[in-house]
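Engineer:
Protein chains in written order, with the working numbering: chain A, 75 to 132; chain B, 2 to 359; chain C, 514 to 605.
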């Protein structure tokens with residue numbers, strides 16, 4: 075699950091309410107909506123790096 | 002899963018210290034609340050004949066439920082009297098519908114607040130205000146019912162500002178956004194009648210209101226001139242979307258329509274037809290979306306939707322229009338929907354009568 | 514003075530995470546986008562990195578018609594059955 079930095083507290087709160095307070099998720103730079111393709115690709119790379127340990131349980 | 006018993010807090014007996022206690026618990030909207038003392042809550046619950054653990058609203062995002070009990074606690078905190086409680090209950094029963102999507106409209110950066118419009122004989126019975134200072138401040142019923150709505154969203158559903166309520170700039174309506182429809186001098190059928198309720202039944206309409214735009218016009222003296230200025234407000238680049246609208250006409254403006262014999266349907270048609278921006282204009286500010294334009298002009302398009310233009314809403318029925326406010330002043334208002342499309346649609350529910358004392 | 518809590522009486526939930534993957538090689542990816550601007554594009558870019566570097570395949574793209582409501586149960590059930598991991602987003 076990917077969110078941008080301003081929504082980090084939102085993600086933590088909903089994870090807590092749904093019973094998974096330590097749920098790990100990916101954080102990328104805000105915003106996404108107005109990004110150019112090169113900017114999206116840069117954010118995607120950062121997301122990939124954070125996703126690896128989450129998916130593999132490292 | 003069965004609900005747990007309502008928790009009781011041992012707070013100081015001193016009233017001022019109890020008010021501070023509520024602040025420390027994080028229960029307030031930033032203003033002091035009435036401490037929800039158990040006897041006051043029980044008196045509030047007597048305004049609904051159903052068991053206290055009756056669930057009246059469910060939050061899909063968190064799976065949290067709103068019971069009558071929790072609603073009563075927050076109603077006491079807001080300063081409601083028991084006779085106000087049935088309005089609050091009906092409002093949440095309306096907002097409970099999927100089509101309203103109270104989570105989205107509350108959590109969004111768009112910053113809306115649920116607007117409650119109460120219609121029917123209950124308005125006078127519980128002393129609501131449909132007149133001067135319609136949107137406040139000053140009237141206990143209007144202020145506290147609206148405030149209780151916010152306290153419930155915050156305390157029961159954990160929609161906390163900055164955390165799960167991500168409104169970029171907030172909205173003054175998030176303190177309280179509750180009005181009564183004016184019947185005195187209203188030439189049109191009341192909302193509760195058009196909504197199909199039995200004679201004598203009052204209703205509350207809920208709408209995810211994204212803001213408040215005053216529409217001033219003291220020189221216009223035809224329906225087209227008055228509604229033209231309203232339509233212009235509806236079509237401003239910051240507001241024009243496929244979402245619904247609420248328009249509250251001041252009595253001065255409504256008089257002009259009534260004298261010309263205009264019906265509600267004529268007013269809605271006029272507003273929808275005129276509240277539009279050209280495709281070029283929408284593109285010039287970066288707000289044109291192909292799929293939104295296509296949606297408005299597809300096989301189900303309303304006959305008044307003009308090719309080459311983006312209108313506000315999908316049709317005249319997307320515009321709720323009625324009357325409210327004081328006798329003097331050419332000041333009507335337009336309230337845009339939080340939803341830029343169909344993510345939240347206004348809902349209404351009947352208000353149950355106050356239980357008769359046995 | 515005894516005060517009632519204004520909070521919900523719904524019991525606290527307990528939930529569990531899916532077990533970690535043993536390997537990403539050839540894993541099946543689902544994309545669940547929330548309809549926000551650039552959501553699909555962003556999630557696609559992330560998925561493509563897994564495709565290029567681990568031989569993953571994108572099995573399905575699901576779109577939420579309502580960004581602020583949970584995805585419909587049938588969507589989630591199908592994702593759980595057909596993919597090894599989902600790439601999704603929250604908020605704007």
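By construction, the Cβ of each residue, glycine as well, lies at the ideal position given by its N, Cα and C atoms.
All figures in this text were calculated on a predicted structure; none of them were measured in a lab.
Classify residue 319 of chain B as buried or exposed, calling it buried when 16 or more other Cβ atoms lie within 10 Å of its own Cβ.
Structural biologist: Locating residue 319 of chain B in the second chain gives position 318, where the first residue counts as 1. Its Cβ being crowded by 16 or more others within 10 Å, residue 319 of chain B is buried.
Engineer: Cutting at 7 angstroms between CB atoms, please list the residues of its own chain near residue 104 of chain B, excluding the five before and the five after it.
Structural biologist: Indexing the second chain from 1 puts residue 104 of chain B at position 103. Excluding residues within five positions, the ones whose Cβ falls inside 7 angstroms are 60, 61, 62.
Engineer: Where do the N-terminal and C-terminal ends of the beta strand (DSSP E) with residue 59 of chain B fall, by residue?
Structural biologist: Numbered from 1 along the second chain, position 58 holds the residue referred to as residue 59 of chain B. Element bounds for residue 59 of chain B: 56-60.
Engineer: Between the segment 103-118 of chain A and chain C, which residues of the former have a C-beta closer than 9 angstroms to a C-beta of the latter?
Structural biologist: So the list reads 104, 105, 106, 107, 108, 109, 111, 114, 115, 117, 118, given in the order they occur along the chain.
Engineer: When you compare the CB of residue 51 of chain B with every CB in chain C, is at least one pair closer than 8 angstroms?
Structural biologist: Taking the first residue of the second chain as position 1, residue 51 of chain B is located at position 50. No, residue 51 of chain B lies away from the interface with chain C (no Cβ there is under 8 angstroms from its Cβ).
Engineer: How should residue 1 of chain B be labelled, buried or exposed, when 16 other C-beta atoms within 10 angstroms of its C-beta is the threshold for buried?
Structural biologist: Any answer about residue 1 of chain B is impossible in this case: the structure gives chain B only from 2 up to 359.
Engineer: What are the complete alpha helix (DSSP H) segments, minimum 4 residues, inside the segment 249-273 of chain B?
Structural biologist: If we require 4 residues or more, the alpha helix (DSSP H) runs fully inside the segment 249-273 of chain B come out as 252-260.
Engineer: Determine, for residue 84 of chain A, whether the minimum Cβ-Cβ distance to residues of chain B falls below 8 angstroms.
Structural biologist: One-based indexing of the first chain puts residue 84 of chain A at position 10. By this cut-off, residue 84 of chain A is an interface position.
Engineer: Going by C-alpha to C-alpha distance, which of B:347, B:180, B:64, B:276 sits closest to residue 93 of chain A?
Structural biologist: In the first chain, residue 93 of chain A corresponds to position 19, counting from 1. Ranking B:347, B:180, B:64, B:276 by Cα distance to residue 93 of chain A puts B:64 first.
Engineer: Alpha carbons only, please: which of B:126, B:238, B:27 is nearest the one belonging to residue 285 of chain B?
Structural biologist: Here residue 285 of chain B refers to the residue found at position 284 of the second chain. Residue B:238 is the option with its Cα nearest to residue 285 of chain B.
Engineer: Indicate whether the contact test is met: 3 or more Cβ pairs, each with one atom in the segment 152-159 of chain B and one in the segment 182-190 of chain B, closer than 8 angstroms.
Structural biologist: Contact fails: fewer than three Cβ-Cβ distances are below 8 angstroms.
Engineer: Using C-beta distances below 6 angstroms, list every residue in its chain close to residue 317 of chain B, excluding the 5 sequence neighbours before and after it, in chain order.
Structural biologist: If you number the second chain from 1, residue 317 of chain B lands on position 316. Here the set comprises 269, 270, 273.
Engineer: Taking 8 angstroms as the threshold (beta carbon to beta carbon), is residue 586 of chain C in contact with chain B?
Structural biologist: As a working mapping, residue 586 of chain C is identified with position 73 in the third chain. Chain B contact via Cβ: absent.
Engineer: Residue 250 of chain B: which of B:211, B:136, B:241 sits nearest, CA to CA?
Structural biologist: As a first step, residue 250 of chain B is located in the second chain; it is residue number 249 there, counting from the start. When each option's Cα is compared against that of residue 250 of chain B, the closest is B:136.
Engineer: Under 6 angstroms Cβ to Cβ from residue 219 of chain B, same chain only, skipping five residues before and after it: list those, please.
Structural biologist: Residue numbering aside, residue 219 of chain B sits at position 218 when the second chain is read from its first letter. Excluding positions up to five away in sequence, the list reads 331.
Engineer: Would residue 178 of chain B pass as a contact of residue 147 of chain B if the rule is Cβ separation under 8 angstroms?
Structural biologist: Taking the first residue of the second chain as 1, we reach residue 178 of chain B at position 177. Taking the first residue of the second chain as 1, we reach residue 147 of chain B at position 146. Yes.
Engineer: Since residue 521 of chain C meets chain B, which of its residues come closer than 9 angstroms, beta carbon to beta carbon?
Structural biologist: Residue numbering aside, residue 521 of chain C sits at position 8 when the third chain is read from its first letter. Near residue 521 of chain C (Cβ distances below 9 angstroms), the residues of chain B are 4, 60, 63, 65, 66, 67, 68, 71, 156, 157, 158, 159.
Engineer: So with Cβ pairs under 8 angstroms, would you call residue 211 of chain B a contact of chain A?
Structural biologist: Locating residue 211 of chain B in the second chain gives position 210, counting from the first residue. Chain A, which has no Cβ nearer than 8 angstroms to the Cβ of residue 211 of chain B, makes this no.
Engineer: Using a Cβ-Cβ cutoff of less than 6 angstroms, which residues in the same chain neighbour residue 215 of chain B once the five nearest sequence positions on both sides are dropped?
Structural biologist: In the second chain, the residue the question calls residue 215 of chain B occupies position 214. Correct list, in chain order: 332, 334.
Engineer: Would you please state the rounded distance, in angstroms, between the beta carbons of residue 32 of chain B and residue 121 of chain B? I believe it to be under 8 angstroms.
Structural biologist: By 1-based counting over the second chain, the position of residue 32 of chain B is 31. By 1-based counting over the second chain, the position of residue 121 of chain B is 120. Contact flag wrong, Cβ pair sits at about 29 angstroms.
Engineer: Compute the beta-carbon to beta-carbon distance between residue 1 of chain B and residue 22 of chain B, rounded to the nearest angstrom, for a pair I have assumed lies under 8 angstroms.
Structural biologist: Nothing can be reported for residue 1 of chain B, as the shown portion of chain B is limited to 2 through 359.
Engineer: Ordered along the chain, which non-local residues of its own chain (more than five positions away) have a Cβ less than 7 angstroms from that of residue 309 of chain B?
Structural biologist: Along the second chain, read from residue 1 onward, the residue named residue 309 of chain B stands at position 308. For residue 309 of chain B, where only same-chain residues beyond five positions count, the Cβ hits under 7 angstroms are 279, 280.
Engineer: In or out: residue 205 of chain B buried (at least 16 other Cβ within 10 Å) or exposed?
Structural biologist: As a first step, residue 205 of chain B must be located in the second chain, where it is residue number 204. Per the 10 Å Cβ criterion, buried.
Engineer: Indicate whether residue 231 of chain B and residue 321 of chain B have their beta-carbon atoms separated by less than 8 angstroms.
Structural biologist: Taking the first residue of the second chain as 1, we reach residue 231 of chain B at position 230. Taking the first residue of the second chain as 1, we reach residue 321 of chain B at position 320. Going by C-beta atoms, residue 231 of chain B is not nearer than 8 angstroms to residue 321 of chain B.
Engineer: Comparing C-alpha positions only, which one of B:210, B:355, B:256 sits nearest to residue 221 of chain B?
Structural biologist: Residue mapping note: residue 221 of chain B aligns to position 220 of the second chain, counting from 1. Residue 221 of chain B has its Cα closest to that of B:256, out of B:210, B:355, B:256.
Engineer: Measuring only the C-alpha atoms, how far is residue 88 of chain A from residue 165 of chain B?
Structural biologist: By 1-based counting over the first chain, the position of residue 88 of chain A is 14. By 1-based counting over the second chain, the position of residue 165 of chain B is 164. Using only the alpha carbons, I get a separation of about 8 angstroms.
Engineer: Pick helix, strand or coil for residue 182 of chain B, following the three-state DSSP scheme.
Structural biologist: Against the second chain, residue 182 of chain B aligns to sequence position 181. Three-state DSSP puts residue 182 of chain B in coil, outside helix and strand.
Engineer: Taking 8 angstroms as the threshold, find out whether the segment 530-547 of chain C comes into contact with the segment 585-599 of chain C through three or more Cβ pairs.
Structural biologist: Counting Cβ pairs under 8 angstroms, three or more are found: they touch.
Engineer: Contact criterion: CB-CB distance below 8 angstroms. Does residue 590 of chain C meet it with respect to chain A?
Structural biologist: Along the third chain, read from residue 1 onward, the residue named residue 590 of chain C stands at position 77. So, not an interface residue.
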